[in-house]
Amino acid sequence: MRLTFHGHACVSLTGAGSRIVLDPGTLARSAEALDGATAVLITHEHADHLDVAAVVAALRADDALTVRGTAGAVEALLHAGAAGERLHAVEPVEELQLGAALVRVGGGDHALIHSRAPRVANRTYTVTLEGATVHHPGDSFDVPTEALDVLCLPVSGPWLRLTEAIDATLAASARTVVPVHDAMLSETGHELTRRWLDTARLGGEHVYRRLGAGVQSSGSRGSSTRSAILVSRERPRHSS
């Protein structure tokens, strides 16, 4: 399986003829991510996770493309003119077979931002493709207890405390941790986050691997110049 980071919270998982795109939002390279997608998974309807215009355009360009997400995400797409028969609201504990990918749906509510801010539903997705398993929690730290090959870990946001990111990393038992939800971080912020989340500080066996958003970039010490990794049961490998 090839995991590609497209910026902020958006990743694509490609293998065995399937291309699953998760959270193509307005802070990501969403049109690039959606090109060739076979299915789209939306954790919740906030704009940084759902670029409505980009997803509607992708649906109009490909009659076979379908979208799964919260009821709020489906409603936003319907309001923008998307065809209802290709939109599906999903609930925790559902299992989906999307081409070659097995998707387990979890989650509950979006992490609390403030008591005065309304909370929306948030779905998490655990995707198994070509024998490798990736988890995307959306805006939450709902992580499975099963061993993962890759955890997509939120590292910045108005709802987030770094201590919760650390606890989620330790709880998930992932071999590779890829930081996401990072558009608010400067290079200094990325470096500080890496220092707290890599194995030198936390111990354990995971690799903390920052990816560039679809392009090569020099970055800072500890950041990757790659936009994608090849994920397998044997070992994670870089891919340009």
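Residue numbers (my numbering): 137 to 376. Every residue gets a Cβ at the ideal spot worked out from N, C-alpha and C, and that includes glycine. It should be emphasised that the depicted structure is a prediction, and the values quoted were computed from it without experimental measurement.
Buried versus exposed call for residue i [16 or more other C-beta atoms within 10 Å across all chains shown]
i: Val229; result: exposed
i: Ser354; result: Low confidence applies to Ser354: its pLDDT is 31, below 50, so where it sits in the model is not reliable enough to give any reading.
i: Asp245; result: exposed
i: Glu221; result: exposed
i: Glu227; result: exposed
i: His185; result: buried
i: Arg252; result: exposed
i: His215; result: exposed
i: Gly172; result: exposed
i: Gly325; result: exposed
i: Thr150; result: buried
i: Leu333; result: buried
i: Ser292; result: buried
i: Glu181; result: buried
i: Ala336; result: exposed
i: Thr281; result: exposed
The alpha helix (DSSP H) enclosing residue i, as first and last residue numbers
i: His326; result: Glu323 to Leu333
i: Gly214; result: In the sequence on display, residue 214 carries Leu and not Gly. From DSSP, the alpha helix (DSSP H) with Leu214 extends over Ala207 to His215.
i: Leu298; result: Leu298 to Ala308
Residue i (DSSP reduced to helix, strand or coil)
i: Gly170; result: Note on residue identity: the sequence assigns Leu, not Gly, to residue 170. Of the three classes helix, strand and coil, the one that applies to Leu170 here is helix, per DSSP.
i: Glu231; result: strand
i: Ala189; result: helix
i: Leu265; result: strand
i: Arg222; result: helix
i: Leu338; result: helix
i: Arg165; result: coil
i: Ala237; result: strand
i: Arg196; result: helix
i: His271; result: strand
i: Thr281; result: coil
i: Arg362; result: coil
i: Arg346; result: strand
Bridge partners - residue i, DSSP secondary structure assignment
i: Ala257; result: Asp245
i: Phe141; result: Val147
i: Leu201; result: None, per the DSSP bridge assignment.
i: Leu287; result: His271 and Val313
Opening and closing residue of the beta strand (DSSP E) in which residue i lies
i: Arg252; result: From DSSP, Arg252 is part of no beta strand (DSSP E); its letter is neither H nor E.
i: Ser368; result: Looking at the DSSP string, Ser368 is not in any beta strand (DSSP E), and its letter there is neither H nor E.
i: Leu177; result: Ala175 to Leu177
i: Val157; result: Ser154 to Leu158
For residue j and residue i, believed in contact at Cβ under 8 Å, the rounded distance
i: Ala304; j: Thr264; result: That belief does not hold up - the Cβ atoms of Ala304 and Thr264 are roughly 20 Å apart, past 8 Å.
i: Val167; j: Ala190; result: Inspection of the sequence shows that residue 167 is occupied by Ala rather than by Val. About 5 Å; that satisfies the 8 Å criterion.
i: Val188; j: Ala212; result: 5 Å
i: Thr260; j: Ser276; result: 7 Å
i: His272; j: Val157; result: Contact doesn't hold; Cβ gap of about 11 Å is too wide.
i: Gly235; j: Thr174; result: 5 Å
i: Ala364; j: Leu139; result: 6 Å
i: Ala257; j: Val279; result: About 17 Å; that fails the 8 Å criterion.
i: Arg377; j: Glu341; result: This structure gives no information on residue 377, because the portion of the chain shown stretches from 137 to 376.
i: Val239; j: Gly217; result: No, Val239 and Gly217 are not in contact; Cβ-Cβ is about 26 Å, not under 8 Å.
i: His317; j: Ala145; result: 5 Å
i: Ala301; j: Pro290; result: 7 Å
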